[in-house]
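Enquirer:
Numbering (UniProt numbering), first residue to last: 1 to 322.
#1: Determine the direct distance from the alpha carbon of residue 139 to that of residue 36, and round the result to whole angstroms.
#2: Quick check: the stretch 239 to 249 against the stretch 184 to 193, are at least 3 beta-carbon pairs closer than 8 Å?
#3: Since residue 187 is in the alpha helix (DSSP H), which residue starts that stretch and which ends it?
#4: Suppose the cutoff is 7 Å on Cβ atoms and the five residues either side in sequence are ignored; what does the same chain contact list for residue 294 look like?
#5: Suppose contacts are defined by Cβ-Cβ distances below 7 Å. Is residue 113 in contact with residue 146 by that definition?
#6: Consult DSSP for residue 270 and reduce its assignment to one of helix, strand or coil.
#7: With contact counted as at least three CB pairs below 8 Å, one residue from each stretch, are the stretch 122 to 137 and the stretch 163 to 179 in contact?
#8: Name the residue from 98, 311, 250 and 59 whose alpha carbon lies nearest to the alpha carbon of residue 221.
#9: Return the first residue and the last residue of the alpha helix (DSSP H) that residue 132 is part of.
#10: Could I get the ranges of all uninterrupted alpha helix (DSSP H) runs contained in the UniProt domain "ParB-like N-terminal" (59 to 155), with 4 residues as the minimum, in chain order?
#11: According to DSSP, simplified to helix, strand and coil, what is residue 279?
#12: Please identify the residue among 65, 86 and 217 whose C-alpha is closest to the C-alpha of residue 106.
#13: Out of curiosity, what's the CA-to-CA distance linking residue 83 and residue 119?
#14: Could you check which residue in 115, 122 and 309 has the C-alpha nearest to that of residue 93?
#15: Excluding the 5 residues flanking residue 74 on each side, which residues of the same chain have their C-beta closer than 7 Å to its C-beta?
#16: Run the CB neighbour count on residue 236, radius 10 Å, all protein chains shown included, and call it buried at 16 or more, exposed below.
#17: Can you tell me which of the three DSSP states residue 318 falls into?
#18: Rounded to whole angstroms, what's the CA-CA distance from residue 263 to residue 174? Just pull it up for me.
#19: Please report the distance separating the alpha-carbon of residue 270 from that of residue 172.
#20: Give the secondary structure of residue 310 by DSSP, where H, G and I count as helix, E and B as strand, and everything else as coil.
#21: For the candidate residues 186, 196 and 144, whose alpha-carbon lies nearest to that of residue 167?
#22: Kindly give me the distance between the Cβ atoms of residue 99 and residue 149, rounded to whole angstroms, as I take these residues to be in contact under 8 Å.
#23: Under the assumption that residue 133 contacts residue 60 (Cβ atoms under 8 Å), give the Cβ distance between them as a whole number of angstroms.
#24: What whole-angstrom Cβ distance do residue 216 and residue 247 have, given they're in contact under 8 Å?
#25: For residue 162, tell me which candidate among 292, 205 and 201 has the shortest Cα-Cα distance.
#26: Please return the same chain residues whose Cβ sits closer than 6 Å to the Cβ of residue 279, not counting the five positions on each side in sequence.
#27: Counting C-beta neighbours from all protein chains within 10 Å, is the total for residue 342 16 or more, i.e. buried, or is it exposed?
#28: Roughly how far, in whole angstroms, is the beta-carbon of residue 203 from the beta-carbon of residue 225, given that I think they are within contact range, below 8 Å?
#29: Let me check understanding here. Comparing Cα to Cα, which of 289, 282, 315 and 272 lies closest to residue 297?
#30: Thinking residue 108 and residue 69 are a contact (beta carbons under 8 Å), I'd like their distance in whole angstroms, please.
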C-alpha cells in the first residue's frame, strides 16, 4: 500500500505506530517522520525502515481490564464463528494483536478500538487458562482518530453487517466525532452508498425488533424501506414481512409480498369495456404509484381538458369519503 493510496485511517495507524515502544505518547506519535513510519497490513507484518517486526510485537494485557470503546460497532449477531476463533486461539495462539487505548477515566484500564472478537475469545478461554492474556498494541488517539482506525479495520473484519456499520457511522456523525465528508473519503464509496448505510438509523425500532437479526439486510434494501415509509407506506405491512426481510430478500421481493401481486408492482393496465387501453398504474421500486397514459390516448386528447377531468373526478371521490 503506497502513501498516495492510503485512507486517513491507515495514515493514522502509520503515524501512531511509528515507534518501537508500543505504548505511545501523544507528543511522540505526532513527531514521526517518513523514516520511522510503519507500513500497516492488518498487523500481520509491520515494516520499520528496512527491518521487519513480525506480529510478536505486542504487549500483554489483562482482558478483564479492558472495556469496549463507546463507539463499538459490532452487534451480538455480528460475531460470526466465534467458537471457531476461540478454538484457533486455543490451539495456535492469538495471531493478531488488538488495538487499545488507555481508558480516560479508569487508571490501568483500556478501551478496545479494534479486536472485540479476539478480546471476547480470550476472556472466554480464561476459564480454561487463567493466565491467558490479550496481545495488544496501545495507542494514544482521540475519538476522531479512533473512528478512522475503526473504519479502516472494517474491511478486514469477519461478519460485520452493513446494519452495524451504518448505525455506528450515524452515531459518530450525530455526536460530532466524524463528518460525513470524512466518512465518504475513508470508505472510498459514493455519497449515495454512504446515504444507504446511514438509512439504517432511520428505520423504526419496532421494525428492527421484529426482524431480530439484521445481518443479511443490505443498505440498499434499508434505503428503499425508508423511502417506502417516508412516502406513506405502512409500517405494519413491513412488520408482517419481517421474516423475508431477515432472510436478505431484495426490496422487490418485499414489495411483492406487501402488494400481493408481483405484476402490479411493475404495471397494471386499465382497459375500457371494449378493450381499449386507457391508462396503466405503475409502481416504482420504492412502492410509489403513478399513472401512465398510452400514446394513442395522450396524443388525441386536450391536456387541459384531461387535467380538469382528473381534478374534478378526484375532488368528487375525496368529497364522497368525508
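Glycine included, every Cβ here is placed at the ideal spot set by N, Cα and C.
Expert: Taking the definition as stated:
#1: Legend: pLDDT at residue 36 = 24, less than 50; position of this residue unreliable, value from coordinates given subsequently. Cα to Cα, the separation comes out at about 16 Å.
#2: Contact fails: fewer than three Cβ-Cβ distances are below 8 Å.
#3: Annotation for residue 187: the continuous alpha helix (DSSP H) segment containing it runs 180 to 187.
#4: Closer than 7 Å at Cβ, skipping near neighbours: 277.
#5: Their beta carbons are under 7 Å apart, which means residue 113 touches residue 146 by this criterion.
#6: DSSP places residue 270 in the strand class (E or B) of the three-state scheme.
#7: These segments do not touch.
#8: Among 98, 311, 250 and 59, the Cα nearest to that of residue 221 belongs to 250.
#9: No alpha helix (DSSP H) contains residue 132, which DSSP labels as neither H nor E.
#10: With a minimum length of 4 residues, the continuous alpha helix (DSSP H) runs that stay inside the UniProt domain "ParB-like N-terminal" (59 to 155) are 82 to 92, 116 to 125 and 143 to 154.
#11: For residue 279, the secondary structure class from DSSP, reduced to helix, strand or coil, is strand.
#12: The shortest Cα separation from residue 106 among 65, 86 and 217 belongs to 65.
#13: Computed Cα separation, rounded: 13 Å.
#14: Comparing alpha-carbon positions, the option among 115, 122 and 309 lying closest to residue 93 turns out to be 122.
#15: Non-local C-beta neighbours of residue 74 in its own chain, meaning closer than 7 Å and more than five positions away in sequence, comprise 116, 160 and 164, ordered along the chain.
#16: Result: exposed.
#17: Shown here, residue 318 sits in a helix according to DSSP, grouped into three states.
#18: Here the model assigns residue 263 a pLDDT of 42, short of 50, so the residue's position is not dependable and the matter cannot be decided.
#19: Residue 270 and residue 172: Cα-Cα distance of roughly 50 Å.
#20: Helix at residue 310.
#21: When only C-alpha atoms are compared, the closest one is 196.
#22: Between residue 149 and residue 99 the Cβ distance is about 6 Å, and since that is below 8 Å, they are a contact.
#23: Between residue 60 and residue 133 the Cβ distance is about 4 Å, and since that is below 8 Å, they are a contact.
#24: For a cut-off of 8 Å, the C-beta gap from residue 216 to residue 247 is around 6 Å, short enough to register as a contact.
#25: Cα-wise, what sits closest to residue 162 is 201.
#26: Correct list, in chain order: 270, 291 and 293.
#27: One cannot answer for residue 342 here, as it falls past the ends of the chain, which runs 1 to 322.
#28: At roughly 6 Å, the Cβ-Cβ gap stays under 8 Å, so residue 203 and residue 225 are in contact.
#29: Selected option, being the one with the closest Cα: 272.
#30: That pair is no contact at about 17 Å.
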